[in-house]
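Undergrad: Heads up: the protein sequence lines correspond to chains A and B, in order. Basically our numbering = 1-based index in the first sequence + 2. Basically our numbering = 1-based index in the second sequence + 9.
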Amino acid sequence: MFPGISAVLVVRHGGDRLQRTLEAIAAQRGTPSSLVVVLLEPDDAIREQVGGSGASHVVELPNAVPFGEAVEAGLRMLPPSGDERAALWLLAEDTAPEPGVLAALAAALETSPSVGIAGPKVVEWDRADRLVSIGRTMTRLGRTVELVEPGLDQGQEDGRSDVLAVAPAGLLVRRAVWDLLGGFDPGLPQVDAGLDLGVRARLAGHRVVVVPEARVAFAGDGIAESSASKRGRTRRRTDRRVRRAALHRRLAYAPAWAVPLHWLAILPLAIARSIGMLVAKRPAAIGGELAAAGQALVGVGAAVRARARIRRTRTERWSRLAPLRLPPAEETRRRQAARELRRDRARGRRHELHFLAAGGGWVLLVALLVSLVLNWRLLGFTGVAGEALEPLSGSVAELWSNAAYGWRELSVGFLAPADPFAGLLAIIGTLAFWFPPAGVTLVWLLAIPAAAMGAWMLGARLSDRASVRTVAATVWALAPMFLTALSDGRPAAVLVHVLLPWLAFAALGAAGSWASAGAAALLFAAVIACAPSLAPLLVVAWLVALVLAGRGAARVLWMPVPALALALPVILASFDAGVPLGAFADPGLPAPGVEASVWQLAAGFPGGGWGGWAEVFAASPFDAVDPRVLAVALLAPLALLAVGSLAAPAALDGLAALAFAGGGFATAVAASRISVETIGSDSVGVWTGAGLSAGLLGLLVAAVCALRALRRYLRSPLAVVLAATGVVVSLPLTVVLATGGAGVHSADARTLPAVVTAEAEHDPNVTTLLLVPEEAGGLRATLEHGAGTTLDEQSTLWYTGARAEQTAERSALLAEAAGNLASRSGFDVEAAVEEFGVRYVLLAASDGEAGDEADAVRDRATLALDSNPDVVVVADTAFGRLWRVVGAEPGEPGAAPLAGPGTTGLLVTIVQLAVLLVTLLLSIPVGAAMEPARERRRRPRPPRRSRRAIAVPPEVEPDGDADDATADSNAEDAAADVLPEAEAEPDSESEPEPQSESESEPDTAPEADPRPAPAESESEPQPRFGTAPAETEAPRA
Amino acid sequence: MPDAKRITRVALKCLAVLAGAAAAGAVVLTAAAVDWPEHRAEPPSVLVQPSESRQLRVCPGPLLELALDASEADVASPIGSAARVVAAVPDDAEIVESDLVGDGTSVETARGAVDPGLLAAAQSQEAGTDTVRGLAAVNCIEAVDEAWLVGGSTAVGRSSLVLLANPGTVASTVELRIHGQDGLIDAPGAAGIVVPAGTQQAISLAGLAPDEPSPVVQVVATGAPIAASLEQSVIRGLAPGGVDLVGASAAPAARQVVPGVAIAVAGGVDPGEEHATGDDFAAVRLLAPETDAEADIRILGADGAEVASFGAALVAGEVLDVPLGELAAGEYTLDVDADEPVVAAVRVDTGEGDERDFAWAQAAAALGQRQLVAVAAEDGVLVLANPGSTERIATIAVDGAEPGEVRIAPGASASVPVDAGSGILLGDADGLRAAVVHSSAGRIAIAAVQPPSPLDSAIRVYPR
């Protein structure tokens, strides 16, 4: 019996833990003189449980108030005590003291009058040899840290006595000190209350000691302190409270003059830390960070009151605390240890590509050589010209401004959101910063190597075999739809083919890592920017992945967000204008093509041909052969292997890949039936090549799945056959490309006569009326601004007619002007000059294909313009005959933009930039090492207990890679088993708070976990593999 | 039993592969077999009617006669005056007639007052001097950048004057490219002829291409368009043999139709006659300007029946006159079908007698939907030829009266007598060819009706 010592026990849930605590109190050698039990929101079971405990007072509170408040409520039941030895023992239902604890604590107070607070050593509830806390302190900057990092306790820290503060649960405090200090700070309801009490006691001249021989088992149920649970939602809440408490203490402890500065810094710091969290791949923590900052900004009153309380009781200088703070050297050491731990772990789970060992270098070299052979004509020229090609803008700034919502100087000009593709072009132009138009040449030169590498990497995800990877690279880099796009000059289609395997590569890892998810999201946006027709297929694939992703769903969820942010303005504009299908229009300059038949599409040839085979046959003695026969023969190995993947061990992978291939084919067929854009008198169909690329990707993945399951003596010959047919099927196309028979050719980077471009150099407002005779008769009339329309200025909204309403008046005026200029007419050219600032009229030269009707129109227009006194001939140029408008003055007002982007435009741009920035930060692989390990270690293999285990019989599996793909494509649920939440970070570089180890991942939330009893693994973190970090093994030196 | 398990597994895999292959095949076959719905965007376009075009016709004015004095052989002086008839739809449209310096009259409407083709003017003059006699009637023409004058002769006793009128406001520089029997004639004075604004000049063809029995003159104007016509007069021995004014012929085309070939007196020379000399028989003048051409010439009667046909091999740039053969008196239509662009015109003669005249029938271009025709001389017959392959019904309204219908069988032509001074509005005439024939004893004139320049027609503009 310790006279004067009153124990306050705060009870919330009751049950076994309360029972153990009550029994532990009763088992003390010497019991407190009174036991006040404070019941929060009690039910009858708890009342009954407490009733038989011998409590002297029972207080019931209807609300779940914070620990400090509950203690105060309990104290009100006790009479004020004049006894100098009177003390309070603070307990919660989940703090079970060992029998000698009270005696040891009381002895500490008794032997030394200067001690105001004595705290026990806190250990884990179930394991007394695992330390939770043996005193707390602050770093120099005020961050709360445990004096000793939690871990295995072998008595090595038992020499400690004087500390800055102790954990609130189980501490014994002199009643006088408690009353003097006014108890816990109400501004710190859940976190740091004990630390703050210790700091104030120290400042008031009292010592705080820890008594290592007094051990209290602590469960961390969230009564005395915020819950120690690592479950997602709880952890996020704790994170927020920790941050909130840190900010509160910062305002409360800082010198008066610094308080306003600290307050002002709260928001900028929160934003900076949020960015850091993105880089560290912990986006889920951002909400709490911002919420805490907001609360701190508003809750200045609590900080002011806390400052007043400190001022009232402080007798010592702040500098007296300095020796008790964590030494800087120790802080540095801990940080280094944490970094090393992360590095070790990251090393263990890197995907080992064996790039050089598996022949990746050779593939890259050969692809580069092939690209040079096919494109050597483009070397040394400034531009590439082709059906859908135009030069890029001449300056990087212009490229980027064309990628944002704003005025589009396309013909009569209009205000519209940019195509997402313009952003991609801006990146390409920026890569060729010395001369942005050369970016297109770069794309053409690097397309084949980049496509080959993408397929090789994808192959590496799926298989360890060099042969399999090489086959994938060969078939993909020489695919007919790719070479058709290259030879036609379709930049968007080329980029789709290059990017698709990279997207697949990143997407397969998206469920397991934020970096992969971020990269996949960016690639997803890029692919859809290049080929909006792929959006339905990719969205369906994404939905399927989302369903299968299980715990990785949050990462997969983000994937289409950047694409949506970029495309939404265009989609809305299309819907608004009543042309919803216009959202599927191919970006860039529309290039009319021939409609491909379903058979041609099935054979992989877009653009309405047989990839040159029909011509080859016609020139050969076999001109009676149907090209379909050959297409079937050349496609057969790939198709058969792909279907064969259904018999391979991971049949579901094959099925998914085949379904994707079917979706790609369906996309191509649908694209061939839809045309949404018009240019001149032509209706331009959606390019079928993008769908075919997706289809081939599916087939190729399925074929790889089949190949990797085969034994070597079957695999090698089949791989050779597959590669050979892949090369042969594109042979006519490669020959055409290499010999210069293709539509794409090198050119100077301009589309207007030199007279105009020269003038545009010093007057960018110069406007040229371009008249193009159409095949169907009639004239296409558009305005070219400055040195001519560039590829990045193009807008699908113009060609789909989504901006027809906005431009109706000016378009009509332009048409009238053009029609009259091409006729003998009394039309007043001055009017057109004033409206549009037209200074030149260019009648496009014949390309030799337009036909008689076009020639007749050309003759007529030439005649009319020649005899028109308002225009004078300048020259016959390679682009056509050029006239100068006599009455045009330089700098006509009509040539300048009529409207700026406005508030809407700025808002759209800001949102798009924000989404991209977030994704970009997520995708930076720097943070990969900070991410909790998600992937299964490949070797040694633990006993399987996942549902997937049956999918892969070990005898055919060459190595762990196949299984890796299974785990990847099937949503990582297997990988998630491996990873108890305890594996979370102990620390992170950019966010150096110990609490941040409770990094919250949505996928660890119990509600998202379909498996039973997640609590087991949570309270009992068992490291299963060498690299899995265990709390106790934090390196010491 | 493990074997049974294994067999089951292998069987299941085979089944899966077969099912997969069947599904893939079914997908492709379905895709190919079904006629999927289509969505095709319609290219927006605007049919632009050239606005407020100013319709203008130029009448060459009175016949000219070269001075007999050899020292002034190039000076032409007018003889008498020509009667001019002007018509327009609507008939109250304001019309300004202004005389050009050096003969000729421009007939002009205000901007937008009438549609293209709905201003017509014609002039006629009957001369009876010692050297010039006969009827010359012509439809006043538009000024153009390029015109083909198919007719004329500079052989002994034939004089030909090229009349170049510039009704515009800026000076025009004209080049005359004269093709003869032996190809393009090198005539140094034929290039760089400056025709000041508001003037008409007469150029003697004999000075440029002497002794050329079969010239074809291509008039190329730069700067301002030119209305070009050709006056030819003939003296046989000492007696005047006729006079004619030749308007522009249809531009080179693979098919040419010459309507209103009026044979006054039966007779002629066989097309195969190698040594047909002189110009007193009906003959067709043909020229393929750019490339050698094979031309099939068919002579069609008024009922559309083919009266005669023959072929002609044309050498690029060389003019060929081919006699039409023996024909009964009547009106014929000449249909020239060549494999390369040609120009064509037919010369007819009233034949032996004291009072003698000849005329050139020019190839006429296809008419538009509506066309106004003015008639200046007496005894006029409007000939409407239908070179198409279907029967056509055109409407004819005289001087604003209620229109009447004319049925024309394929290949046939209709003849409608018209009075001097009347304006005749043709409706539903697109594709037809027309000429006004004035023929009576010893006097003949054939005025081809040319449609307005295509520069006046509507044009489709795609503003995207």
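Quick reminder that beta carbons are idealized off the backbone N, C-alpha and C, glycines included.
Per the contact definition of three or more C-beta pairs closer than 8 Å, is the region 786 to 801 of chain A in contact with the region 663 to 670 of chain A?
TA: Cβ pair count under 8 Å is below three, so no.
Undergrad: Flag residue 47 (chain B) as yes if its beta-carbon sits less than 7 Å from any beta-carbon of chain A, otherwise no.
TA: Judged by the 7 Å Cβ criterion, residue 47 (chain B) is in contact with chain A.
Undergrad: Within this structure, are the beta carbons of residue 479 (chain A) and residue 471 (chain A) separated by less than 7 Å?
TA: It is not a contact, given that the beta carbons lie outside the stated cut-off.
Undergrad: Given a cut-off of 7 Å, decide if residue 513 (chain A) and residue 557 (chain A) are closer than it, judged by their beta-carbon atoms.
TA: Taking 7 Å as the Cβ cut-off, residue 557 (chain A) and residue 513 (chain A) qualify as a contacting pair.
Undergrad: Can the beta-carbon of residue 268 (chain A) be found less than 7 Å from the beta-carbon of residue 299 (chain A)?
TA: Yes. Within cutoff.
Undergrad: With three or more C-beta pairs closer than 8 Å as the rule, is the region 774 to 781 of chain A touching the region 390 to 410 of chain A?
TA: Cβ pair count under 8 Å is below three, so no.
Undergrad: Is it true that the CB of residue 491 (chain A) sits closer than 7 Å to the CB of residue 388 (chain A)?
TA: Yes. Within cutoff.
Undergrad: Excluding the 5 residues preceding and the 5 following residue 211 (chain B) in the sequence, name in chain order all residues of the same chain whose CB lies nearer than 6 Å to its CB.
TA: If we look at residue 211 (chain B) and ignore the five residues flanking it on each side, its Cβ neighbours are 73, 85, 170, 172.
Undergrad: From the beta carbon of residue 144 (chain B), is the nearest beta carbon of chain A less than 7 Å away?
TA: Not closer than 7 Å to any Cβ of chain A, the Cβ of residue 144 (chain B) fails to qualify, so no.
Undergrad: Could you name the residues of the region 673 to 690 of chain A whose beta carbon sits closer than 9 Å to any beta carbon of chain B, in the order they occur along the chain?
TA: Here the close residues are 674, 675, 676, 677, 678, 679, 680, 681, 682, 683, 684, 685, 686, 687.
Undergrad: Within 10 Å of its beta-carbon, does residue 707 (chain A) have 16 or more other beta-carbons around it, so buried, or fewer, so exposed?
TA: The residue in question, residue 707 (chain A), is buried, as its Cβ has 16 or more Cβ neighbours within 10 Å.
Undergrad: Determine which residues share a DSSP beta bridge with residue 319 (chain B) and list them.
TA: Residue 319 (chain B) pairs with B:306.
Undergrad: Does the distance from the C-beta atom of residue 2 (chain A) to that of residue 438 (chain B) stay below 7 Å?
TA: The structure shown does not extend to residue 2 (chain A), since chain A spans only 3 to 1039, so no value can be given for it.
Undergrad: Using a Cβ-Cβ distance cut-off of 7 Å, determine whether residue 104 (chain B) contacts chain A.
TA: Residue 104 (chain B) does not count as touching chain A.
Undergrad: Run down chain A in chain order and give the residues with a C-beta less than 9 Å from the C-beta of residue 465 (chain B).
TA: The answer, in chain order, is 825, 826, 827.
Undergrad: Please list, in chain order, all residues of the same chain as residue 704 (chain A) whose beta carbon is under 6 Å from its beta carbon, the five residues on each side excluded.
TA: If we look at residue 704 (chain A) and ignore the five residues flanking it on each side, its Cβ neighbours are 644, 647, 656, 659, 660.
Undergrad: Are the CB atoms of residue 174 (chain B) and residue 128 (chain B) within a distance shorter than 7 Å?
TA: Against a cut-off of 7 Å, the Cβ pair of residue 174 (chain B) and residue 128 (chain B) comes out as no contact.
Undergrad: To the nearest angstrom, how far is the alpha carbon of residue 226 (chain B) from that of residue 158 (chain B)?
TA: Spanning the two alpha carbons is a distance of roughly 5 Å.
Undergrad: Taking Cβ-Cβ distances below 9 Å as the criterion, which residues of the region 791 to 811 of chain A are in contact with chain B?
TA: Listed by position, the residues of the region 791 to 811 of chain A near chain B (Cβ gap below 9 Å) are 800, 801, 802, 803, 806, 809.
Undergrad: Would you report the Cα separation of residue 784 (chain A) and residue 773 (chain A), rounded to the nearest angstrom?
TA: One C-alpha to the other measures close to 7 Å.
Undergrad: Is the distance from the Cβ of residue 186 (chain A) to the Cβ of residue 195 (chain A) below 7 Å?
TA: Yes, these two residues count as a Cβ contact at 7 Å.
Undergrad: Could you tell me whether the region 161 to 181 of chain A touches the region 205 to 221 of chain A, using the rule of 3 or more Cβ pairs below 8 Å?
TA: At 8 Å Cβ cutoff, the stretches touch.
Undergrad: Listing by chain order, which chain B residues have their CB less than 8 Å from the CB of residue 671 (chain A)?
TA: Going along chain B in sequence order, the residues near residue 671 (chain A) (Cβ under 8 Å) are 40, 45.
Undergrad: Considering Cα atoms alone, identify which of B:54, B:189, B:451 is closest to residue 473 (chain B).
TA: Selected option, being the one with the closest Cα: B:54.
Undergrad: Taking only beta-carbon positions, decide if residue 201 (chain B) is within less than 7 Å of chain A.
TA: So, not an interface residue.
Undergrad: Can you tell me the Cα-Cα spacing of residue 218 (chain A) and residue 555 (chain A), whole angstroms?
TA: Their backbone Cα atoms lie some 40 Å apart in a straight line.
Undergrad: I want to verify the contact list: residues of chain A whose CB lies under 7 Å from the CB of residue 174 (chain B), in sequence order.
TA: The premise fails here: residue 174 (chain B) is roughly 15 Å from chain A at the closest Cβ pair, so nothing lies under 7 Å.
Undergrad: Just mark residue 842 (chain A) as buried or exposed, buried being the case when its beta carbon has 16 or more other beta carbons within 10 Å.
TA: Under this definition residue 842 (chain A) is a buried residue.
Undergrad: Which partner residues of residue 133 (chain B) appear in the DSSP bridge assignment?
TA: In DSSP, residue 133 (chain B) forms a bridge with B:92, B:146.
Undergrad: Could you check whether the Cβ of residue 286 (chain A) sits closer than 6 Å to any heavy atom belonging to the ligand GTP?
TA: In the structure shown, the ligand GTP is absent, as is every other ligand, since no ligand is present at all.
Undergrad: With DSSP collapsed to three states, give me the class of residue 870 (chain A).
TA: Correct three-state label for residue 870 (chain A): coil.
Undergrad: Do residue 565 (chain A) and residue 507 (chain A) have their beta-carbon atoms positioned less than 7 Å apart in this structure?
TA: No, Cβ-Cβ distance for residue 507 (chain A) and residue 565 (chain A) is not below 7 Å.
Undergrad: State the Cα-Cα distance for the pair residue 444 (chain B) and residue 255 (chain B), rounded to the nearest angstrom.
TA: Taking the straight line from one Cα to the other gives about 13 Å.
Undergrad: Mind checking which residues open and close the beta strand (DSSP E) that includes residue 208 (chain A)?
TA: Run containing residue 208 (chain A): none; DSSP gives neither H nor E here.
Undergrad: With 16 other CB atoms within 10 Å as the buried threshold, where does residue 471 (chain B) fall?
TA: Label assigned to residue 471 (chain B): buried.
Undergrad: Expressed to the nearest angstrom, what Euclidean distance is found between the alpha-carbon atoms of residue 305 (chain B) and residue 214 (chain B)?
TA: Going by the C-alpha atoms only, they are around 30 Å apart.
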